[in-house]
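Take any residue in the sequence shown, count from 1 to its spot, add 71: that is its number in my numbering. From the three backbone atoms N, C-alpha and C, an ideal C-beta is built for every residue, glycine too. All values reported here derive from a predicted model rather than from experimental measurement. Everything below concerns the one structure shown next.
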Amino acid sequence: MFGTCADFLNCRHKTRLHIGQLVKDTSAKLKQASETDHRIEVSASKKITDAKLAKDFQAVLKEFQKAQRLAAERETSYSPFVPQSVLPSSSTDSEIDVSSDKGQEQRALLVESRRQEVVLLDNEISFNEAIIEERDQGIQEVQQQIGEVNEIFKDLAVLVHEQGTMIDDIGSNIENSHAATAQGRTQLAKAAKTQRSNSSLTCLLMVIFGIVLLIVIIVLAA
72 MFGTCADFLN
82 CRHKTRLHIG
92 QLVKDTSAKL
102 KQASETDHRI
112 EVSASKKITD
122 AKLAKDFQAV
132 LKEFQKAQRL
142 AAERETSYSP
152 FVPQSVLPSS
162 STDSEIDVSS
172 DKGQEQRALL
182 VESRRQEVVL
192 LDNEISFNEA
202 IIEERDQGIQ
212 EVQQQIGEVN
222 EIFKDLAVLV
232 HEQGTMIDDI
242 GSNIENSHAA
252 TAQGRTQLAK
262 AAKTQRSNSS
272 LTCLLMVIFG
282 IVLLIVIIVL
292 AA
């Protein structure tokens, strides 16, 4: 619950600043994580996770930019007004007969009613003045925040591009590794097949040599 108009305006101001600070802090942490990924040997899964976080934050930031522009448009177009219900009454003293007790009572009620109307009008004017002041301040803050977020968005776009290139390199290395592994398996299979063929040829030569040797022995013995 808000006690006064000032409480409401102060809450809006603090909320706006808090959101802006969250954007800055998140962007800084993502940038730090990216720099760490480039300087230090970390797992491919961490690099991919950091890149996904940066890309997701970029999408959120894009929606936040839309909300900022909408807020700026509404702040600029807002125009406070004084409701007719708080305007002074059109009743005059001439309508009341003050010569009677009832007339004096009516006059007292009229005075009190006008006093309350003036208080309401003063409150409405004070509220509108505070709204106008907050609107002007809000417009300046939103415009400043839009500029800051635009710069952060540009830096984030560069970061996402760099991380995308890094992820592409990781994917290329993984594909090359898979290709090298498959090629190695093929070569091993060929080598094993060749070895089996060589072993079979060796056995065949030994059998032929044994037969020839046996024939020679038989001939010499005869």
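In this structure the stretch 84-98 lies against the stretch 126-136, because at least three pairs of beta carbons, one per stretch, are closer than 8 angstroms. Annotation: residue 111 is outside any alpha helix (DSSP H) and is labelled neither H nor E by DSSP.
Looking at 209, 273, 222, the one whose alpha-carbon comes closest to that of residue 82 is 209. Distance from the CA atom of residue 85 to the CA atom of residue 220, rounded to whole angstroms, is 17 angstroms.
Around the beta carbon of residue 112, a 10 Å sphere encloses fewer than 16 other beta carbons of the protein chains shown; the residue is thus reported as exposed. Counting C-beta atoms within 10 angstroms of its own C-beta, residue 105 has 16 or more neighbours from the protein chains shown and is therefore classed as buried.
With distances taken between CA atoms, residue 140 lies nearest to 218 out of 205, 120, 218.
By the criterion of a C-beta distance shorter than 7 angstroms, residue 142 is surrounded in its chain by 213, once the five residues flanking it on both sides are discounted.
Between residue 260 and residue 273, the alpha-carbon positions lie close to 20 angstroms from each other.
Here the alpha carbon of residue 198 sits roughly 29 angstroms from the alpha carbon of residue 179. A buried status is given to residue 122, since no fewer than 16 other beta-carbon atoms sit within 10 Å of its beta-carbon. Contact annotation: residue 101 and residue 124 have beta-carbon atoms nearer than 8 angstroms.
Straight-line spacing of the CA atoms in residue 282 and residue 253 works out to 44 angstroms. Put simply, the backbone Cα of residue 229 is about 28 angstroms away from that of residue 211. Here the alpha carbon of residue 201 sits roughly 41 angstroms from the alpha carbon of residue 103. Rounded to the nearest whole angstrom, the CA to CA distance from residue 118 to residue 108 is 6 angstroms. Separation of the CB atoms of residue 98 and residue 226 is rounded to 7 angstroms, and the pair is thereby assigned contact status at 8 angstroms.
In this structure, the alpha-carbon of residue 144 lies about 37 angstroms from that of residue 120.
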